[in-house]
Amino acid sequence: MINKDDFQQMALKNRFLLEQFTDFKEFFLSWTALLKKNGDSYLIENDGREGWLILYSENSNGGWDEVEKVVSHKFHKDDYVKQCELWLSRI
């Protein structure tokens, strides 16, 4: 499970604006985060059922392109924030 406030602080530290955070606790602890930086949009999705943490970037057609993906079913609480911070620090 990820803490929204911790995620938001990490996003701000990396100069991202967290536009939306949706927590689907009832669906295998899944969640999504919509972020913006320099006019570009990114989506991070945790698929708790399948055990994937995925980073997407918005393409010119308004769709989403997968950028990176990791297996997350063995992640602990802090691992989600650390992985997301690693991704965002590269953008």
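Heads up: the sequence shown is residues 920 to 1010, going by this note's numbering. Ideal placement from N, C-alpha and C gives every residue a C-beta, glycine not left out. No experiment lies behind these values; they were computed from the predicted model shown.
Unbroken alpha helix (DSSP H) run spanning residue i, endpoints
| i | result |
| --- | --- |
| S976 | First-last for S976: W971 to E977, but that is the beta strand (DSSP E), not the alpha helix (DSSP H). |
Those residues which DSSP pairs with residue i across a bridge
| i | result |
| --- | --- |
| V989 | L972 |
| K932 | Partner(s): none; K932 has no beta bridge. |
| S960 | K955 |
| D942 | W950 |
| D924 | Its beta-bridge partners do not exist; DSSP assigns none. |
| W983 | E977 |
Beta-carbon proximity check, residue i vs residue j, cutoff 8 angstroms
| i | j | result |
| --- | --- | --- |
| L1007 | A952 | no |
| F940 | S949 | no |
| L954 | L936 | yes |
| Q1002 | V986 | no |
| N933 | E977 | no |
| N965 | S991 | yes |
Between the segment 920 to 927 and the segment 968 to 988, can you find at least three pairs of beta-carbon atoms closer than 8 angstroms? At 8 angstroms Cβ cutoff, the stretches do not touch.
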